[in-house]
Amino acid sequence: MIDPSKLSASVPQRESQLQPLSLKAVAPFGNELALSWSDGMEQFLALETLRRACPCAVCCGEPDVMGRGDAPARNYKSGSFELKAYDFIGGYGLSLKWADAHATGIYSYQLLRSLSL
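In the numbering used here, the protein residues as written are 33 to 149.
Right, dumping it as structure tokens:
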């Protein structure tokens with residue numbers, strides 16, 4: 033029979049896999065959003081980049097019953113790239129509220145990190 037304690041000891045784990053990623057600080061900075069992460073990384077994301085990456089169903093579309101879906105045309109207007117407010121959503125994301133009243137997307141921490149790669 034296999035001893036489970038020996039299995040876990042033989043699998044290397046990085047410290048980043050053991051501790052969940054979290055945001056330490058968020059601050060609007062001109063036309064960017066500054067993010068400071070628990071692992072020491074800092075990001076400056078352009079507000080236009082964030083808005084164009086909005087993950088909500090209005091921006092990305094929703095799949096139909098058969099799993100097919102097309103993203104609708106996005107019509108940006110005055111205020112579309114102006115951030116008015118943000119809120120933390122649990123321990124996994126941010127909700128961004130834009131000057132054109134769009135506020136339905138939840139930007140997961142994983143999505144935010146991927147935008148700087």
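Where is the CB? At the ideal position from N, CA and C, for every residue including glycine.
Every value quoted in this text rests on a predicted model; they were computed, and no experiment measured them.
- R106 is classed as exposed because its beta carbon has fewer than 16 other beta carbons within 10 Å across all chains shown.
- Taking the Cα of D132 as reference, the smallest distance to any Cα among Y139, K116, G125 is reached at K116.
- Counting of Cβ neighbours within 10 angstroms places G111 among the exposed residues, the total staying below 16.
- The alpha-carbon separation between L55 and F61 amounts to approximately 16 Å.
- By the criterion of a C-beta distance shorter than 7 Å, I121 is surrounded in its chain by S127, I138, once the five residues flanking it on both sides are discounted.
- D119 is bridged by DSSP to S127.
- Counting along the chain, Y141 sits inside the alpha helix (DSSP H) bounded by residues 141-146.
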